Amino acid sequence: MGTTAEQTKKDTIRGGQFIVKEANPQDIFTPEDFTEEQVMMKESVREFVDKEIVPHKERFEKKDYALTEEVMRKAGEMGFLGVAVPEEYDGLGMGFVSTMLVCDYISGATGSIATAFGAHTGIGTMPITLYGTEEQKKKYVPKLATGEWFGAYCLTEPGAGSDANSGKTKAELTEDGKHYKINGQKMWISNAGFCDVFVVFARIEDDKNITGFIVENDSENGISMNPEEHKLGIHSSSTRQVFFNDTLVPVENMLAGRGEGFKIAMNALNVGRIKLAAACLDAQRRVISLATQYANEREQFKTPIAKFGAIRKKLADMATSAYVGESASYRAAKDIEDRIHERLENGDAFAKAELKGVEEYAIECSILKVAVSEDIQNCSDEGIQVYGGMGFSADAPMEAAWRDARISRIYEGTNEINRMLAVGMLVKKAMKGHVNLLEPAMAVANELTSIPSFDVPDFSEPLSEEMDMIKKLKKVFLMVAGSAVQKFGTELEEHQQLLLAASDILIEIYMAESAILRTQKNITRTSAEEQKEQIAMSKLYLYNAVKTIQNRAEEGISSFAEGDEQRMMLMGLKRFTKYTNLPNIVELRNTIADTVTVENKYPF
């Protein structure tokens with residue numbers, strides 16, 4: 134590590150390395166760094182949503198699939214569907230941060246459009262853009278980028294959920310060698326009802342891995358569908374089962390090579406995960422704004438409920454999660470964009486640079502998917518609570534927000550799968566030498582047996598104690614994960630509950646650190662006084678993260694250590710989670726709630 138190639142403009146922190154490296158706030162990208170073009174893009178997407186989606190909320194809840202298709206067409210005309218597509222295929226060819234931005238702001242008003250947009254631009258278009266031959270790209274991508282055609286993605290089957298490679302759909306070469314004949318059944322296919330082209334995964338003979346195909350939707354070619362599924366949420370997102378019965382697909386429509394389908398599916402999921410985090414951000418901003426407006430208007434005991442401490446706590450916690458989720462999502466998005474750029478400069482083709490750039494930060498993509506999908510669920514749940522009885526009514530906006538939020542924890546890999554993946558991928562990276570976990574873990578083990586320093590550090594700089602705490606929390610992770618790897622080695626994967634505990638520690642560290650770094654960067658741009666709410670949110674989030682980490686680390690330690698080893702680790706845990714100066718939590722929440730209620734919306 135540390136070669137000159139590694140040290141581009143800044144010391145690049147590669148995927149997963151955040152757990153062993155200290156980041157410099159100046160190297161972190163924050164939403165305050167958006168370019169003028171990005172700010173304009175954000176405003177035009179927001180305007181589009183307020184004009185085309187928000188006024189029709191009721192129709193979306195009543196399963197108006199035609200409306201979803203109409204809005205998607207308009208989004209295509211505005212260029213929103215082609216943000217990530219290179220210009221030579223009629224896209225806008227914008228960078229990764231801009232694609233995140235559009236996904237973020239177009240997804241906030243209803244989960245039905247969020248899902249249709251995500252399925253079309255992500256798993257519907259992207260596999261062809263990144264894996265297609267030149268002919269395939271010229272034929273399909275311009276139509277998909279402009280919204281003339283819509284895409285869908287057929288991976289999941291009735292028997293196969295999290296095990297994506299276990300599908301039974303078959304592809305058989307015809308005698309003349311010109312077509313593959315596809316037979317099988319796919320389920321939960323988003324956009325199925327109005328799509329023109331499917332990316333379908335099927336197995337050829339007894340291949341170990343599945344293969345991808347581009348299949349045009351034609352009912353005369355053995356393609357049929359069940360009626361629309363009845364779902365808890367995302368009511369106007371078209372979701373159907375799709376059946377292939379001797380469907381003929383020209384051999385030139387195979388995507389990438391034979392047996393490459395599993396790889397396509399996995400890489401599509403990496404991008405899908407970070408985009409799903411983005412898709413939960415503006416939903417949170419909108420829920421917080423609605424809840425705040427209601428709390429300011431609703432009076433009980435002759436007082437607006439926004440003045441009550443119990444409601445202020447909720448608004449502060451909701452705003453904090455939104456700020457932190459946004460900080461972490463755009464930090465990772467820019468890391469990915471920089472990595473893509475670096476690979477392009479080193480001569481990689483566009484597709485390879487994009488794929489490898491995202492793959493590099495697959496750990497962060499899983500972390501964000503879990504954290505932000507759980508934040509929008511909590512946020513909409515508290516939104517219902519702020520509205521009280523009205524929140525439970527379908528006439529108020531919270532009930533639909535809550536139902537729409539629920540799917541985010543399931544698709545793109547359940548949160549349980551993603552939790553285990555995050556730690557699993559980190560351990561694999563360590564074994565390959567891409568992340569040096571071993572030495573720092575040994576150093577922590579040695580520190581446990583040494584006499585602690587009793588010097589009181591100088592914490593006069595804003596957030597300096599919080600940054601010190603992040604360093605200590607990284608030691609907690611290294612202590613727990615390091616011991617677990619030593620104990621179980623490659624069999625660690627079988628200890629799912631331990632992986633889940635380690636993963637929660639990893640997630641909280643990344644999220645808390647991202648918020649603190651963002652706030653520190655902005656303090657140097659403005660002042661600590663101008664960032665007082667952001668400082669309060671960074672401190673409040675960290676305080677809660679420390680509590681979660683204590684809890685999960687204790688659970689992990691108790692599961693694999695006993696006797697002296699256990700006592701030593703628990704003492705270490707206590708040392709690594711102890712504040713020198715405990716923040717005043719109620720005061721932090723009040724600082725945040727004051728600004729939210731005065732601005733009458735999510736204002737950060």
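Oh and the sequence shown: position 406 is 539 in this note's numbering, straight run, nothing missing.
Quick reminder that beta carbons are idealized off the backbone N, C-alpha and C, glycines included.
All values reported here derive from a predicted model rather than from experimental measurement.
Review point. Who are Ile337's beta bridge partners in DSSP?
Key: Position 204 of the sequence shown holds residue 337. DSSP lists Ala304 as the beta-bridge partner residues of Ile337.
Exercise for review: Determine the extent of the alpha helix (DSSP H) in which Glu180 is found, giving its start and end residues.
Suggested key: Locating residue 180 in the sequence shown gives position 47, where the first residue counts as 1. Start and end: Glu169 to Glu185.
Hey, Thr713 and Val589: beta-carbon distance below 8 Å or not? Against the sequence shown, residue 713 aligns to sequence position 580. Against the sequence shown, residue 589 aligns to sequence position 456. The beta carbons of Thr713 and Val589 sit closer together than 8 Å.
**Cut-off 7 Å between Cβ atoms - residues of its own chain near Leu306, not counting five sequence neighbours on either side** = Within the sequence shown, the letter at position 173 stands for residue 306. These residues qualify, in order along the chain: Tyr313.
Reducing DSSP to helix, strand and coil, say where Lys734 ends up. If you number the sequence shown from 1, residue 734 lands on position 601. DSSP places Lys734 in coil when its eight states are reduced to three.
**Study point:** Same chain, Cβ closer than 7 Å to Gly326, five either side skipped, listed in chain order
**Key:** The residue labelled residue 326 in the question sits at position 193 within the sequence shown. Answer for Gly326: Tyr198, Glu361, Ser371 and Arg373, listed in chain order.
Contacts around Arg431, its chain only, beta-carbon distance under 6 Å, and the 5 residues preceding and following it disregarded = Translated into positions along the sequence shown, residue 431 becomes position 298. For Arg431, where only same-chain residues beyond five positions count, the Cβ hits under 6 Å are Ile438.
Going by DSSP in three states, Gly546 sits in which element: helix, strand or coil? What you label residue 546 is simply residue 413 of the sequence shown in a count that begins at 1. DSSP places Gly546 in the coil class of the three-state scheme, outside both helix and strand.
Just verifying my parser: in three-state terms, what is the DSSP assignment at Val577? The residue labelled residue 577 in the question sits at position 444 within the sequence shown. Helix, per DSSP.
Item to complete: Along the alpha helix (DSSP H) that carries Gln374, what are the first and last residues, could you check?
Response: To locate residue 374, count along the sequence shown from 1; it is residue 241. Membership of Gln374 in any alpha helix (DSSP H) is not indicated; the residue belongs instead to the beta strand (DSSP E) covering Thr372 to Pro383.
Item to complete: Could you tell me the boundaries of the alpha helix (DSSP H) in which Val348 lies?
Response: The count along the sequence shown starts at 1 and reaches residue 348 at position 215. Element bounds for Val348: not the alpha helix (DSSP H) but the beta strand (DSSP E), Thr344 to Glu349.
* **Nearest candidate by alpha-carbon position, reference Phe181, set Pro291, Cys236 and Gly226** => Within the sequence shown, the letter at position 48 stands for residue 181. It is Cys236.
### Which of helix, strand or coil DSSP assigns to Gly394
For the purposes of this step, residue 394 is taken as residue 261 along the sequence shown, with counting starting at 1. In the structure shown, Gly394 sits in a helix (DSSP, three-state: H, G or I).
Practice prompt. Might you give, ordered along the chain, the residues of its own chain that have their beta carbon closer than 8 Å to the beta carbon of Arg476, omitting 5 neighbours on each side?
Written response: Walking along the sequence shown from the start, residue 476 turns up at place 343. Counting only Cβ-Cβ distances below 8 Å, and skipping sequence neighbours, we find Lys485, Ala486, Lys489 and Gly490.
Could you give the C-beta distance for Ile690 and Val613, rounded to a whole number, given that I count them as a contact under 8 Å?
-> Start at 1 with the first residue of the sequence shown, and residue 690 comes out as number 557. Start at 1 with the first residue of the sequence shown, and residue 613 comes out as number 480. Confirmed, about 6 Å.
Requested in this report: Give a yes or no on contact between the segment 459-468 and the segment 224-239, applying the rule of three or more CB pairs nearer than 8 Å.
Outcome: Two segments are said to touch when three or more pairs of C-beta atoms, one from each, lie closer than 8 Å; by this definition the segment 459-468 touches the segment 224-239.
Quiz prompt | Reference Met558; option with closest CA among Glu155, Ala495 and Met600 | solution = By 1-based counting over the sequence shown, the position of residue 558 is 425. Minimum Cα distance to Met558 is reached at Ala495.
Three or more C-beta pairs under 8 Å: does that hold for the segment 246-263 against the segment 283-292?
Yes, since at least three Cβ pairs between the segment 246-263 and the segment 283-292 fall closer than 8 Å, the two stretches touch.
Problem - Per-residue burial, Glu662 [other beta carbons within 10 Å of its own, 16 or more giving buried] - result: Taking the sequence shown and counting its residues from 1, the one referred to as residue 662 is at position 529. Classification for Glu662: exposed.
Can you check DSSP and say which residues form a bridge with Ile356? The count along the sequence shown starts at 1 and reaches residue 356 at position 223. Phe377, per the DSSP bridge assignment.
Q. Is Lys435 helix, strand or coil when you go by DSSP?
A. Walking along the sequence shown from the start, residue 435 turns up at place 302. Three-state result, Lys435: coil.
Query - Within 8 Å, strictly: CB atoms of Gly215 and Ala278 - result: Along the sequence shown, read from residue 1 onward, the residue named residue 215 stands at position 82. Along the sequence shown, read from residue 1 onward, the residue named residue 278 stands at position 145. Less than 8 Å divides the Cβ of Gly215 from the Cβ of Ala278.
Exercise. What residue from Ile239, Phe334, Leu639 and Ala401 has the CA that sits closest to Val382's CA?
Worked result: Numbered from 1 along the sequence shown, position 249 holds the residue referred to as residue 382. By alpha-carbon distance to Val382, the top candidate from Ile239, Phe334, Leu639 and Ala401 is Phe334.
Within 8 Å, do at least three Cβ pairs link the segment 664-684 to the segment 634-644? They touch, by the three-pair rule.
Would DSSP call Ala293 helix, strand or coil? Taking the sequence shown and counting its residues from 1, one reaches residue 293 at position 160. Looking at Ala293 - three-state DSSP - the assignment turns out to be strand.
Determine the direct distance from the alpha carbon of Glu290 to that of Gly317, and round the result to whole angstroms.
Your numbering for residue 317 matches position 184 in the sequence shown. Your numbering for residue 290 matches position 157 in the sequence shown. Distance between the alpha carbons of Gly317 and Glu290: 9 Å.
Does Met387 pass the burial test, meaning 16 or more other C-beta atoms within 10 Å, or should it be called exposed? Here residue 387 refers to the residue found at position 254 of the sequence shown. Counting Cβ neighbours within 10 Å, Met387 comes out buried, since at least 16 surround it.
- Message: Excluding the 5 residues flanking Asp739 on each side, which residues of the same chain have their C-beta closer than 6 Å to its C-beta?
- Response: Within the shown structure, residues of the chain are numbered from 134 to 737, placing residue 739 beyond reach of any answer.
- What three-state label does DSSP hand Tyr494 in the structure shown? As a first step, residue 494 must be located in the sequence shown, where it is residue number 361. In the structure shown, Tyr494 sits in coil (DSSP, three-state: anything other than H, G, I, E or B).
Just to confirm my understanding: we take Thr201, look at its own chain, exclude 5 residues before and 5 after, and list those with CB closer than 6 Å. What are they?
Counting from one through the sequence shown, the residue named residue 201 turns up at place 68. Correct list, in chain order: Ser245, Ala249 and Ser369.
Exercise. Let me know if Val731 comes out buried or exposed under the rule of 16 or more other beta-carbons within 10 Å of its beta-carbon.
Key: Indexing the sequence shown from 1 puts residue 731 at position 598. Val731 sits exposed, since fewer than 16 C-beta atoms from the chains shown fall within 10 Å of its C-beta.
If you draw a straight line from the C-alpha of Thr380 to the C-alpha of Lys272, how long is it? Residue numbering aside, residue 380 sits at position 247 when the sequence shown is read from its first letter. Residue numbering aside, residue 272 sits at position 139 when the sequence shown is read from its first letter. Counting only the Cα atoms, Lys272 lies some 20 Å from Thr380.
Verify whether the separation of the beta carbon atoms of Met238 and Asp528 is less than 8 Å.
In the sequence shown, the residue the question calls residue 238 occupies position 105. In the sequence shown, the residue the question calls residue 528 occupies position 395. The sequence given here has Tyr at residue 238, not Met. The Cβ-Cβ distance between Tyr238 and Asp528 does not fall below 8 Å.
Neighbourhood of Asn157 by C-beta distance below 6 Å, restricted to the same chain and skipping five residues each side: On the sequence shown, position 24 is the one that residue 157 refers to. Contacts found: none.
Go ahead and pull the three-state DSSP assignment for Ser369. Position 236 of the sequence shown, counted from the first residue, corresponds to residue 369. Under the three-state reduction of DSSP output, Ser369 falls in the coil class, being neither helix nor strand.
query = Leaving out the 5 sequence neighbours to the left and right, which residues in its chain are closer than 7 Å to Ile668 when beta-carbon positions are compared?
reply = As a position in the sequence shown, residue 668 is number 535, starting the count at 1. Cβ neighbours of Ile668 beyond the five flanking positions: Pro595, Leu596, Thr652 and Ala661.
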